Structure formats: structure tokens, C-alpha cells
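Residue numbers (my numbering), protein chains in the order written: chain G, 8 to 123; chain H, 3 to 114.
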């Protein structure tokens, strides 16, 4: 069964450094997302991406964050200057149709980001 | 603003029991509701998606029901097994947006 893959599984970085989290969504999916989960808290939405542009972003997704789909398969999340509070599990997700449809959201296994 | 809550927060049961996990949401104007399973340190696995026009969905030993008017969904797990041990999350799309709102989850432990 096709799946969403994320790399790396764990990234440790120093405060102020840039990180890029990588995702390969399911190949025929059209909608792409990043969510994150701080330890012990709810899964929370960061950004959605459709038709090569951001369709929606949360308050968390400030100027330090950016997303790209540089080719037909990869989807990346970049954090320009990491802060301690960016430490979390970051999940990539994709779906065939929008979240309000009959199409479920498929998640990757996540990248655990630790900022020291 | 849509809020999603789940009870109980944790559940520990012996193998073989039938279980009920609850999810409630404050805004009944939802398109669908999705149940996920999350294993420790892992991603979310989609279990069931119920559209707003449906009352229930079944997959194997899992059955999810939806009552939009009362803002509730339940996930039934029949004949629980140790392999069912995980955190179960429900999520609904926020109205007229492209994001899912997640509940806090129910952490289930099934012991032999």
C-alpha cells in the first residue's frame, strides 16, 4: 500500500540553525500538509499546499517557516532559524481530495526535531 | 471555534473486552470525522472516515458512529487484543478551511 515517507526520522539542531524536513507524499495525491505535535499536546495544523501554492496556514506558520514542492515528488518544510519551542514531532500528510471530502488524510511517520 | 475532546483520556483493559471510545465536537457543521491510531513515536494511521451524511462506518473489528446533531462520535473496538494498544485520535475539518482539528486522544492499553 502506498505511504507517505519522511526523512530524517530524527533531527537534532542548535538554536538559530536552519532545518529542512523532507517528505514524499503518495504519488497521485494533490493536497499536502504539515502538522506538528509538541510532546504531550494535540496534533496541530501548520500549513496546507495545493496547486503549487499555500492554501492555508496557521498562526504558528510565521516568516520563519516555508514550504516547497521542488519537483513532482518531494514536499519540504524549512525552518530558517530554529527556536527551542520548535522542538516537536513534525508530520507530513497528503490526500487525494480536500479534507472536507470522502478522502482520508494519510500521514507519514514524522520527523522528531530537537532544538538545543 | 471548533473544539474536539475525547474521553476517557486513558483506558486499560484485559484482552477480549469490547470498548467504546468517545469523541465530541462543539460545532456540528462538519463535513466528516476521521479516526486515527497513533503508536508511540510513530505517525497517524487512518482507521475510519465517516462523512456527515453517514451514521456509521465499519472496518473489521472497528465500528465508528457519528451523531452530528449531538456533536458526538464513538469508536467501538470489538474483542480487543494487545495489538490494539495505541493512542486513538479523532479529528474533524474546521468549517470552510483546509485543516483538521484534533482531539487530545485516548491512550488504550490492552493487556493479555
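Glycine included, each C-beta is placed from N, C-alpha and C at the ideal position.
In this text, all values refer to a predicted model and were calculated from it rather than measured experimentally.
DSSP, reduced to helix, strand and coil, places residue 91 of chain G within a helical segment of the structure shown.
For the 9 Å CB-CB criterion, residue 45 of chain H and residue 115 of chain G form a contact. No Cβ of chain H is located within less than 9 Å of the beta carbon of residue 92 of chain G.
Interface criterion not met: the Cβ of residue 34 of chain G is under 9 Å from no Cβ in chain H. 9 Å or more divides the Cβ of residue 69 of chain H from the Cβ of residue 61 of chain H. With respect to residue 88 of chain H, residue 105 of chain H sits apart: the two C-beta atoms are not nearer than 9 Å. In the three-state scheme derived from DSSP, where H, G and I count as helix and E and B as strand, residue 100 of chain H is classed as coil.
Interface residue (Cβ-Cβ distance to chain G less than 9 Å): residue 18 of chain H is not classified as such. For secondary structure counted as the beta strand (DSSP E) over 3 or more consecutive residues, the segment 14 to 41 of chain G holds these complete runs in sequence order: 17 to 20 and 26 to 31. With contacts defined by Cβ atoms closer than 9 Å, residue 26 of chain G and residue 86 of chain G form a contacting pair. Within the segment 27 to 99 of chain H, the runs of beta strand (DSSP E) that reach at least 3 residues and sit entirely inside it are, in chain order, 34 to 40, 46 to 53, 58 to 61, 64 to 69, 74 to 79 and 88 to 95. Judged by DSSP secondary structure, residue 16 of chain H falls within the beta strand (DSSP E) whose first and last residues are 12 to 16. Residue contact with chain G for residue 105 of chain H: present (Cβ-Cβ distance below 9 Å to some residue of chain G).
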